[in-house]
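Chains as they are written, first to last, in the numbering used here: chain A, 1 to 298; chain B, 1001 to 1420.
These notes concern the structure reproduced below.
Now the structure itself:
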C-alpha cells in the first residue's frame, strides 16, 4: 500500500486526497439521498400499505392519477401557489430591500423586524393567523374590517379565498430571508456605476432599470429558484391552517405535497404516494431547468 | 479510613453486577404502545404499577405517540419487527393488521372465545376471526349530550330538565344562541364544527331515527342517498343553514366553544368527560342523545389491545398475562374512573352505581342501542362527510346534490378497499 502511494505523482496524490475527502459526502448522498429516491421510484410501481408485502402493479398508480379528480385539483393548486406567490414575494421583498438600502436610521432594527417572522416556527405562526382569520368577535382581521365599516370576509372558510389566505403568512414569513438576500445583492453593486450614472444625469428609474436590476440578475435567479421550490413544496401552513390538516374547504388549498402525505399516512397507499412524488420531482426539475435557462439566456 | 473505603468499593463492585444478574435472570420486559391522551396514559401507568406489583418478574414499558402520528408509527414499526409486544389499535384498523399477519391470535385457553362472547358487549365479536379473538378492549365509548346549565337558565330553559327529542334540542338551541347587532354569533345554541363527533351522530343516530340506515348491514354499500338520508342531513344542516342556532365552524372545534362556555349543547363521546369536568366555573350536565320518532340510537367505538405476532417465548407469556389483566373487571373500573371510558363488560358497566351515575349514566344507557360503524378508512370516510357539509355550507351545492356526490365517493372508497 505504502509503495503504491509513493509511486504516485504529485498530481495523482492531490487527486487521491481529494477523492478520499469527497468520499464521505458522496457516500452520504448515495445512501441518504439517492438510495431513498430510487427506492421511491420502485415503490411507485407497487401496491403497498406498509403492512402487507409489496405487490408489483406496473403503471396502475400512474393511470389512477390521470382519472383522479382530487389529484388534478391539487396539481392546479400547487401551481396557483407558485403563480401568485412568486411575483408577490419578489416584488414585495425587492421593494422593501430597495428602500431599506437607502436609509441609515434604524436600518439594523428594521431589518431585524423583517427577519423575525422567518425565525418563527411555521406551526405557531400558522395557528396565530388561523385565529386571526376567524369571524368577529375572535378574529382580529375581521375586527379591523368591521371597524372600517367593511363586510366580514370568510377567509379560510371560502373555497375562493382560502388559498390566498393560506399563502399570505407563507409569503410574510419568507420575506425576511428574501430581503436579506436582496440587500446583500444591492450592496454588492459597486458604487462606481451609480456615480457614473449620476454624472451622466441618469434618472432614478433609469438607474433602477439599467443598472440595479441587471446587476442583480444572479441574486434574482437564486431567489426565483429557491422561492419556486419552497412554494411548490408548501405544506406547514396548509397543514396547520385548514381543518384536520386536510387542505380544505373542498380541497381548495391542498397542495400536491399534502396530497402525497395523505396518500401515504392517511390512506397508507405508499405506491400512489410515491407515484405522485415522482410527478412532483419531475415538475420541480423541469421548472428549475427552465428558470436557469431563461435567466442565463442574456 | 482509606483502606475501609477501598474495601467498601470492592464489596460494591462485586455485589452490584451479581445483584443485576439475579434479577435479570427471570425478569421479562414487555413493551406497550398507545397514543398520547393524558387520562389514558395516567390510567395505564396505574394499571402497570398494579400489574408489576402482582408480577414482580415482569416489567411493562409504556410508550406513547401523538395521536396524529400513532397509526403511521405502528404501521412502520410492527412489520419491521421493531414494534411493541402489546399494542393498542383502533377497531377500524384491525382488518389490515390481521390480513398482514401482524397480530397473534389470543390463546384460547386464557381467552376462551365462548366466555368472551358471553362476558363482553356484543360489539367486540367483530374481533373474532376463525374461532379466535385477535384483540380485546379495556373500554368502549358511546355518545351523549353535554349541555351548559348556566346558558340553559339564561335562556329561560330548565337546566334540570334537558331536551329529550331532536325537536326539543333544536328549539332549545335556537333559544340559547346569542348574536350581536351585526348578526355575529356570540354564543352558539348547539355546536356544529368539522372537529367533532357530528359525523358519527348523523351516520349511526340521526340516519336511523329518520327511518334510514347509512350503510347496508355489512357496511359494504352506502345507503344514505335516500329520502330518509336527506331528511336526516337536513336535520343537521338546518341548524346553521336555516335556523340561527349556530354557525358551522364556530370557534373551530366543538369542544372548544363548549368548554369556553360559548355553546349550549354538544354531542360528544364519553372520552370528553375528563376535559369538560376539568374546567372551573363551567356548570354542565349530561343527558342521553335525543331521540326522534321514538327511536333511540348511539354510536360506539373502541380501541383494542392485541399482541403482535413477533412476540414469542417469555415475552408472549408475559404479554398474555398483561392483556388478561388490562381486560379484567378491576382494570375496566379503573379505566372508567380515570379516563371516563366505559367498561367493555356488562358486568362492570351495568352496575347500579355506574348506571345511576349522573355523568356516566347516560353514556352507559347508550351502550344498549349502540352501533360501531365498520370503516375501511375512518379518516378518509370522515373527510367525505366533511366535504359534503362544506359543499352545502360554502360550496353553493344543494343538499340533494351534496349527498349524492358524497355517497358516490364513499362507495368508491369502500369498493377500492375490497377490490384489493
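C-beta atoms are modelled at their ideal positions from N, C-alpha and C, and glycine is treated no differently.
I'd like to confirm the pairing. Which residues does DSSP put opposite residue i in its beta bridges?
| i | result |
| --- | --- |
| residue 1146 of chain B | B:1266, B:1286 |
| residue 1215 of chain B | B:1222 |
| residue 1371 of chain B | B:1299 |
| residue 56 of chain A | A:46 |
| residue 1343 of chain B | B:1139 |
| residue 1088 of chain B | B:1305 |
| residue 1103 of chain B | B:1308 |
| residue 1035 of chain B | B:1065 |
| residue 288 of chain A | Per DSSP, none; premise fails for residue 288 of chain A. |
| residue 1060 of chain B | B:1030 |
| residue 1291 of chain B | B:1165 |
| residue 1400 of chain B | Residue 1400 of chain B pairs with nothing; no bridge assigned. |
| residue 1253 of chain B | B:1195 |
Residue i and residue j look like a contact to me (Cβ under 8 Å); what is the Cβ gap, rounded to whole Å?
| i | j | result |
| --- | --- | --- |
| residue 1390 of chain B | residue 249 of chain A | 4 Å |
| residue 1278 of chain B | residue 1103 of chain B | Incorrect: roughly 35 Å between the Cβ atoms, too far for contact. |
| residue 238 of chain A | residue 258 of chain A | 5 Å |
| residue 316 of chain A | residue 289 of chain A | Here chain A comprises residues numbered 1 to 298, so residue 316 of chain A is not present and cannot be evaluated. |
| residue 1028 of chain B | residue 1318 of chain B | 5 Å |
| residue 1071 of chain B | residue 1093 of chain B | 7 Å |
| residue 284 of chain A | residue 199 of chain A | Contact flag wrong, Cβ pair sits at about 46 Å. |
| residue 44 of chain A | residue 278 of chain A | 5 Å |
| residue 1251 of chain B | residue 1229 of chain B | Not quite, the Cβ-Cβ distance comes to about 28 Å (not below 8 Å), so this is no contact. |
| residue 1417 of chain B | residue 1376 of chain B | 4 Å |
| residue 1074 of chain B | residue 1087 of chain B | 6 Å |
| residue 123 of chain A | residue 236 of chain A | 6 Å |
| residue 1324 of chain B | residue 1110 of chain B | 6 Å |
Cβ atoms of residue j and residue i: under 7 Å apart, would you say?
| i | j | result |
| --- | --- | --- |
| residue 1177 of chain B | residue 1262 of chain B | no |
| residue 1266 of chain B | residue 1089 of chain B | no |
| residue 1134 of chain B | residue 1285 of chain B | no |
| residue 93 of chain A | residue 153 of chain A | no |
| residue 251 of chain A | residue 128 of chain A | no |
| residue 247 of chain A | residue 254 of chain A | yes |
| residue 1301 of chain B | residue 1370 of chain B | no |
| residue 232 of chain A | residue 37 of chain A | no |
| residue 109 of chain A | residue 133 of chain A | no |
| residue 1297 of chain B | residue 1169 of chain B | no |
| residue 1036 of chain B | residue 1066 of chain B | yes |
| residue 1047 of chain B | residue 1273 of chain B | no |
| residue 1404 of chain B | residue 1388 of chain B | no |
| residue 171 of chain A | residue 89 of chain A | yes |
| residue 51 of chain A | residue 1100 of chain B | yes |
| residue 305 of chain A | residue 101 of chain A | The question about residue 305 of chain A has no answer, for chain A in this structure spans 1 to 298. |
| residue 1188 of chain B | residue 1246 of chain B | yes |
| residue 117 of chain A | residue 197 of chain A | no |
| residue 1399 of chain B | residue 1233 of chain B | yes |
| residue 1107 of chain B | residue 1131 of chain B | no |
| residue 76 of chain A | residue 167 of chain A | no |
| residue 151 of chain A | residue 142 of chain A | no |
| residue 1287 of chain B | residue 1362 of chain B | yes |
| residue 1226 of chain B | residue 1216 of chain B | no |
| residue 1219 of chain B | residue 1415 of chain B | no |
| residue 1081 of chain B | residue 1310 of chain B | yes |
The ligand FMN and residue i: does the residue's C-beta get closer than 6 Å to at least one heavy atom of that ligand?
| i | result |
| --- | --- |
| residue 1294 of chain B | This structure lacks the ligand FMN, and indeed carries no ligand of any kind. |
Touching or not, the segment 1331-1351 of chain B and the segment 1138-1147 of chain B, by the rule of three or more beta carbon pairs under 8 Å?
As far as the Cβ criterion goes, the segment 1331-1351 of chain B touches the segment 1138-1147 of chain B, which means the pair count is three or higher.
The segment 48-67 of chain A touching the segment 272-284 of chain A, judged by at least three CB pairs closer than 8 Å
Output reads yes: the segment 272-284 of chain A touches the segment 48-67 of chain A.
Residues of the segment 1237-1251 of chain B in Cβ contact with chain D at a cutoff of 9 Å, in chain order, please.
The chain inventory of the structure shown lacks chain D, comprising the protein chains A and B.
Three or more C-beta pairs closer than 8 Å, one from the segment 1173-1189 of chain B and one from the segment 1151-1162 of chain B: is that the case here?
Result yes; three or more Cβ-Cβ pairs closer than 8 Å.
Is there contact between the segment 1246-1258 of chain B and the segment 1180-1194 of chain B, where contact requires at least three CB pairs shorter than 8 Å?
Touching, yes.
Under 8 Å, with one C-beta from each stretch per pair, do the segment 1390-1403 of chain B and the segment 1196-1204 of chain B reach the 3-pair mark?
Remark: fewer than three beta-carbon pairs, one from each stretch, lie closer than 8 Å, so the segment 1390-1403 of chain B and the segment 1196-1204 of chain B are not flagged as touching.
Suppose only complete runs of 4+ residues qualify. What are the alpha helix (DSSP H) ranges in the segment 1122-1207 of chain B, listed by chain order?
If we require 4 residues or more, the alpha helix (DSSP H) runs fully inside the segment 1122-1207 of chain B come out as 1149-1154, 1166-1176.
Are the segment 215-227 of chain A and the segment 1349-1364 of chain B touching, with three or more C-beta to C-beta distances below 8 Å?
Contact between the segment 215-227 of chain A and the segment 1349-1364 of chain B is absent, with fewer than three C-beta pairs closer than 8 Å.
Okay, do the segment 1401-1409 of chain B and the segment 1119-1132 of chain B touch, 3+ Cβ pairs below 8 Å being the bar?
The segment 1401-1409 of chain B vs the segment 1119-1132 of chain B: no contact.
Does the segment 84-102 of chain A touch the segment 178-191 of chain A, meaning 3 or more C-beta pairs lie closer than 8 Å?
Taking 8 Å as the limit for Cβ pairs, the verdict is that the segment 84-102 of chain A does touch the segment 178-191 of chain A.
Please give me, in chain order, every unbroken run of the alpha helix (DSSP H) with length at least 4 that falls completely inside the segment 86-153 of chain A.
Qualifying alpha helix (DSSP H) stretches, in chain order: 107-119, 122-132, 140-147.
Taking 8 Å as the cut-off, does the segment 1282-1296 of chain B touch the segment 1158-1175 of chain B (at least 3 CB pairs, one atom from each stretch)?
The count of Cβ pairs closer than 8 Å, one atom from the segment 1158-1175 of chain B and one from the segment 1282-1296 of chain B, reaches three, so the stretches are in contact.
Uninterrupted alpha helix (DSSP H) stretches inside the segment 233-269 of chain A (no shorter than 4 residues)
Runs of the alpha helix (DSSP H) inside the segment 233-269 of chain A: 236-241, 256-265.
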